[in-house]
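**Student:** Following this note's numbering, the numbering of the sequence shown begins with 10 at its first residue and continues without gaps. Quick reminder that beta carbons are idealized off the backbone N, C-alpha and C, glycines included. Just so you know, these numbers come straight off a predicted model, no measurement behind them. Handing you a structure now.
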Amino acid sequence: MTMDEATLVLNVILYVLLPLWGIAGMLDWWCHRKTEIEKTSGLKEAYIHCLMGVQICIPLVLSLLFEVNVLIMLLCFAALIAHEVVAHYDVHFATGKREISIWEVHAHNYLATLPFFLILLIIVRKWEVFLDTATLNWSGGFGVEWRKEPLGNSGNYATFYMVLMAIFVVFPYMQEWWRCYSYQKKHGTPQVDA
10 MTMDEATLVL
20 NVILYVLLPL
30 WGIAGMLDWW
40 CHRKTEIEKT
50 SGLKEAYIHC
60 LMGVQICIPL
70 VLSLLFEVNV
80 LIMLLCFAAL
90 IAHEVVAHYD
100 VHFATGKREI
110 SIWEVHAHNY
120 LATLPFFLIL
130 LIIVRKWEVF
140 LDTATLNWSG
150 GFGVEWRKEP
160 LGNSGNYATF
170 YMVLMAIFVV
180 FPYMQEWWRC
190 YSYQKKHGTP
200 QVDA
């Protein structure tokens, strides 16, 4: 059985990079929990994590469900840039307030680079769309159309992936936010010597 390059690139996206992203997100959450984020950097950092999650979730879900066009390509670029800015601020904010272990540093490396590699592979698969985006040939590129190409062996990859991400990444970060919110409500904003 031979596989064409476009399918191979898609499989790398679906079965290597996206799962690694989820694993890195779980590791990052575990590091926050281990350093008792609610008692150190607190609710503000939990809000920053929620913001970064939304910044990545929107283009990810759009790319899984809809045909990648100029609109979605622009949203992916905007989200990537915004996520990087907020990620730098996140580390700056947390430094000195809580321990940032080597495991968390490695998780951040993956969480920062995987979106870059994902968008590069999307560009490879959607080269014409990228050229239209880069050359400002945007006419007709702002509609939203359901994805025609099925994802995964069963065609249900998007649903399966989003459910797993909700269980193993979104819910833990929601729990982190709740832990920080409850702690701050009970004890006030953490006072950490920096």
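Measuring straight from C-alpha to C-alpha, what distance separates Gln193 and Trp186?
**Tutor:** In a straight line, the C-alpha of Gln193 is about 11 Å away from that of Trp186.
**Student:** Consult DSSP for Gly5 and reduce its assignment to one of helix, strand or coil.
**Tutor:** Shown here, the chain extends from 10 to 203; a query on residue 5 therefore has no answer.
**Student:** At what residues does the alpha helix (DSSP H) containing Thr198 begin and finish?
**Tutor:** Segment: none, Thr198 is in no alpha helix (DSSP H) and carries neither H nor E.
**Student:** For the alpha helix (DSSP H) containing Ala103, name the first residue and the last one.
**Tutor:** Counting along the chain, the alpha helix (DSSP H) containing Ala103 begins and ends at 79-103.
**Student:** Per DSSP, what kind of secondary structure is Trp155 in: helix, strand or coil?
**Tutor:** Three-state DSSP puts Trp155 in a strand.
**Student:** Cβ of Val77 within 8 Å of Cβ of Val153?
**Tutor:** No, they are not a contact pair.
**Student:** For Lys106 and Thr49, which I take to be in contact (beta-carbon distance under 8 Å), what is that distance rounded to the nearest angstrom?
**Tutor:** Sure, about 5 Å apart at Cβ, within 8 Å.
**Student:** Can you check which of these residues, Gln184, Gly161, Asn165, Asn118, is closest to Ala33 by C-alpha distance?
**Tutor:** Nearest C-alpha to Ala33: Asn118.
**Student:** Do Leu123 and Leu26 have their C-beta atoms within less than 8 Å of each other?
**Tutor:** Yes. Within cutoff.
**Student:** For the stretch 86-93 and the stretch 56-75, state whether three or more C-beta atom pairs, one from each stretch, are separated by less than 8 Å.
**Tutor:** Touching, yes.
**Student:** What did DSSP end up calling Thr49 once you bin it into helix, strand or coil?
**Tutor:** Correct three-state label for Thr49: coil.
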